[in-house]
Each structure stands twice: as structure tokens, then as C-alpha cells.
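Enquirer: 1 is the number of the first residue of the sequence shown in full-length UniProt numbering; add one for each residue after it. Ideal Cβ positions, reconstructed from N, Cα and C, are used throughout, including at glycine.
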Amino acid sequence: MCIHAGGETHIMRITMKQLEAMLNPAVFLRVHRSTLVNTGCITGAQTLDNGEFLLNLEGGAQLKVSRSYRERIRDFLSR
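(1) Extract the residue ranges of the alpha helix (DSSP H) inside the UniProt domain "HTH LytTR-type" (1-79), only unbroken runs of 4 or more that lie entirely within it.
(2) Would you check if the distance between the CB atom of LEU19 and the CB atom of ALA45 is smaller than 9 Å?
(3) Alpha carbon to alpha carbon, how far is ILE14 from SER68? Give it in angstroms, no decimals.
(4) Out of LYS17, ASN38, ARG72 and GLU71, which has the shortest C-alpha to C-alpha gap to ASN56?
As C-alpha cells, then:
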């Protein structure tokens, strides 16, 4: 697995589920089967026609949230 942080890429030999268990759930949200995001980097969100979300991140990056994780994002955005 590759972890992108601080402009660098780090390779770790663990599963996504193991990494998710190691991280603070108040800070990191799983948004796709292959993606965790630091909630402090989320600047906004858009709802797509198919019900999925597109997250806007600092620096202009965008991440697609899969339908299976959209309730988590909806809960996070409603706080």
C-alpha cells in the first residue's frame, strides 16, 4: 500500500483495514475501498448525479466517495 503524506509517498506492507484500525477515526475517514482521507484537508463536497460525493481537498485535489461510504461522509459533513 502507498501512503501519500507531506508531498512524499511511503510504502507499507499492511492492509487498508489494518491501517484504518491504527488511525484516529475522528481524523481519518475511509471514502473508498482504496482511500482514506485526513478530514482536516477537506475543504468542501459536491453531490454527483448518481448519489456519490466528490470531496474537494486542500491544494485543489478531488476525491470520489463511493456509494458504500457516502453515509459516513454525509454524517461527517453534517457536523
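Expert: Based on what the coordinates show:
(1) 16-22 and 70-77
(2) As a first step, residue 19 is located in the sequence shown; it is residue number 19 there, counting from the start. As a first step, residue 45 is located in the sequence shown; it is residue number 45 there, counting from the start. For LEU19 and ALA45, no; Cβs fall outside 9 Å.
(3) As a working note, residue 68 is residue 68 in the sequence shown. As a working note, residue 14 is residue 14 in the sequence shown. Distance between the alpha carbons of SER68 and ILE14: 22 Å.
(4) Counting from one through the sequence shown, the residue named residue 56 turns up at place 56. Closest option to ASN56, Cα to Cα, is ASN38.
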